[in-house]
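To start, the structure under review is shown below, and the notes come after it.
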Amino acid sequence: ADTSTQENAWLVLAARALGKQNIALSVNNNAATGPLYRSIGEEELAQGPIVVANSGDTPLDAVISVSGAPTTPEPAAEHGFTLERRFHALDGSEADIGKAKQNDRFVVVLTVTEPQPEFARVALTDYVPAGFEIDNPRLVSSGDTGTLDWIENAGNPVHTEFRDDRFMAAFERRKGDATTYTVAYVVRAVSPGSYVLPQAMVEDMYRPDRFGRTETGAVEVAPAR
């Protein structure tokens, strides 16, 4: 699981405190002293379990961080946020990105609902499926542009990024803000083929227990004729 910036700072402080203690451990029955920091890869785990035991008198906490790609797609989730992702043509009409043609352009509309707005820095990330690319970053809907004026509840991100594989937006949230806010960007189908439509995610950057995500999908891009 990923940790927030604040949690990482707490871990550093905890590590410093542990470094001053007399710690006795055993790793697969081999004695070890002092705090234990170790990264274990898939190949090492495949050889057998790693058993870490506290052989001293000092109570200890174990912090485990896991990273990697899930073997099956994660379902949509709502934990303080609801995130909806829709696809439209540039004129606002509904569009099916699952059956696209090469050079088609789509407006990706991301709508966040926060039933109980809190003071927070909120990060919104949408991963662009392979075979697509972000098209014309200036065509982004926010509260101060009318390029896509058909979008409702347009939000005001304090920061946006347009990377090769993702769109990112950051929002400063306060109590009393609107419960629903929307941002959009434009993608273009560039390479024929069948691709995974990754999840979009929204999260409170300092409260990892508050997040929301969409489902995973599938898209196909047919050659232009």
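Following the numbering used here, the numbering of the sequence shown begins with 42 at its first residue and continues without gaps. For every residue, glycine included, the Cβ atom is placed at its ideal position computed from N, Cα and C.
Let me confirm a value: Ala-230 is counted as buried when at least 16 other C-beta atoms fall within 10 Å, else exposed. Which label applies? buried
What would DSSP say about Val-199, mapped onto helix, strand or coil? coil
Could you tell me if Pro-178 is buried or exposed, where buried requires 16 or more neighbouring beta carbons within 10 angstroms of its beta carbon? exposed
Exposure of Arg-254, with buried meaning 16 or more beta-carbon neighbours within 10 Å: buried
Taking the runs of the alpha helix (DSSP H) that are 4 residues or longer, which of them lie wholly in the region 57-90? 83-87
Can you name, in chain order, every residue of its own chain whose Cβ lies under 6 angstroms from the Cβ of Gly-121, other than the five neighbours on each side? Excluding residues within five positions, the ones whose Cβ falls inside 6 angstroms are Arg-251.
Rounded to a whole number of angstroms, what is the C-alpha to C-alpha distance between Pro-239 and Thr-257? When rounded, the distance between both Cα atoms is 5 angstroms.
For Arg-248 and Ala-164, what's the separation of their Cα atoms in angstroms? 11 angstroms
DSSP-derived helix/strand/coil call for Val-231: Looking at Val-231 - three-state DSSP - the assignment turns out to be coil, as it is neither helix nor strand.
Taking the Cβ atom as the reference point for each residue, do Glu-174 and Arg-214 lie within a distance shorter than 8 angstroms? no
Assuming Val-199 contacts Tyr-236 (C-beta within less than 8 angstroms), just tell me the rounded distance between them. In fact, because the Cβ distance is near 31 angstroms, the residues do not count as touching under 8 angstroms.
So who's on the other strand from Leu-52, going by DSSP bridges? Bridge partners of Leu-52: none, in fact.
Residues in the same chain with beta-carbon distance under 7 angstroms from Leu-131, minus the five sequence neighbours each way, listed in chain order, please. Same-chain partners within the cutoff: Arg-146, Val-148.
With DSSP as the reference, label Arg-248 as helix, strand or coil. strand
Give the single residue among Leu-52, Val-243, Glu-119, Ile-64 whose Cα lies nearest to the Cα of Thr-166. Ranking the options by Cα distance to Thr-166, first place goes to Val-243.
Within a Cβ cutoff of 7 angstroms, which residues of the same chain sit near Ser-67, ignoring the five residues on either side of it in sequence? Ala-73, Ala-94, Ser-96
Tell me the DSSP secondary structure of Ile-175 in three-state form. In the three-state scheme derived from DSSP, where H, G and I count as helix and E and B as strand, Ile-175 is classed as strand.
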